[in-house]
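To start, the structure under review is shown below, and the notes come after it.
Structure, rendered in structure tokens:
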């Protein structure tokens with residue numbers, strides 16, 4: 018019986034981890050690993066804007082990353098949110114606009130899925 022609270026806590030944490038972050042619109046999924054998807058998005062944005070693109074690891078070993086829209090800065094700027102898939106394998110990608118991006122940003126994301 019003393020393991021019941023631990024099991025309940027594990028289930029609660031798992032349920033929270035299986036949901037997209039607040040304020041992030043789901044764009045799609047890819048079979049590629051998160052690092053490859055994030056690099057593709059950053060390259061498309063850099064090529065299209067001729068500006069520096071900032072990316073930030075949010076989980077060790079490049080398993081989750083935020084790729085900021087050109088001209089946006091961490092931690093609150095508009096960004097592609099690249100995470101391991103919430104179910105199954107592959108990568109889930111979302112977009113946090115924060116009022117600082119346009120439809121070209123999500124088009125580049127879609128091209129990397």
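In the working numbering, the protein residues as written are 18 to 130. Where is the CB? At the ideal position from N, CA and C, for every residue including glycine. Treat the numbers as computed from the prediction; the structure is a model and nothing was measured.
CA-to-CA distance, residue 100 to residue 67, given in whole angstroms: Residue numbering aside, residue 67 sits at position 50 when the chain shown is read from its first letter. Residue numbering aside, residue 100 sits at position 83 when the chain shown is read from its first letter. If I take the Cα positions, the gap works out to 26 Å.
Rounded separation between residue 69 and residue 84 - CA only: The sequence position of residue 69 within the chain shown is 52, counting from 1. The sequence position of residue 84 within the chain shown is 67, counting from 1. A direct Cα-to-Cα measurement between residue 69 and residue 84 gives close to 11 Å.
Inter-residue spacing [alpha-carbon to alpha-carbon] between residue 107 and residue 50: Looking up residue 107 in the chain shown gives position 90. Looking up residue 50 in the chain shown gives position 33. The alpha-carbon separation between residue 107 and residue 50 amounts to approximately 6 Å.
Any alpha helix (DSSP H) of 4 or more consecutive residues that is wholly inside the stretch 51-83: 51-66
Residues of its chain near residue 102, where Cβ-Cβ distance is below 7 Å and the 5 sequence neighbours each way are ignored: As a working mapping, residue 102 is identified with position 85 in the chain shown. Contacts found: 46, 108 and 109.
Burial state of residue 72 (16 or more Cβ within 10 Å): Taking the chain shown and counting its residues from 1, the one referred to as residue 72 is at position 55. Residue environment analysis places residue 72 among the buried positions, since at least 16 neighbouring C-beta atoms fall within 10 angstroms of its C-beta.
Cβ-based burial, residue 76 [other Cβ within 10 Å; buried from 16]: Locating residue 76 in the chain shown gives position 59, counting from the first residue. That one is exposed.
Residue(s) in a DSSP beta bridge with residue 41: Counted from its first residue, the chain shown places residue 41 at position 24. The partner list for residue 41 (beta bridge, DSSP) is empty, contrary to what the question assumes.
Extent of the continuous beta strand (DSSP E) run through residue 96: For the purposes of this step, residue 96 is taken as the residue at position 79 of the chain shown. Where residue 96 is concerned, the enclosing beta strand (DSSP E) stretches over 96-101.
First through last residue of the beta strand (DSSP E) which encompasses residue 107: Stepping through the chain shown from its first residue, residue 107 is reached at position 90. First-last for residue 107: undefined, no H or E at that position.
C-alpha gap between residue 151 and residue 122, whole angstroms: The shown model of the chain, from 18 to 130, leaves out residue 151, and the question about it has no answer.
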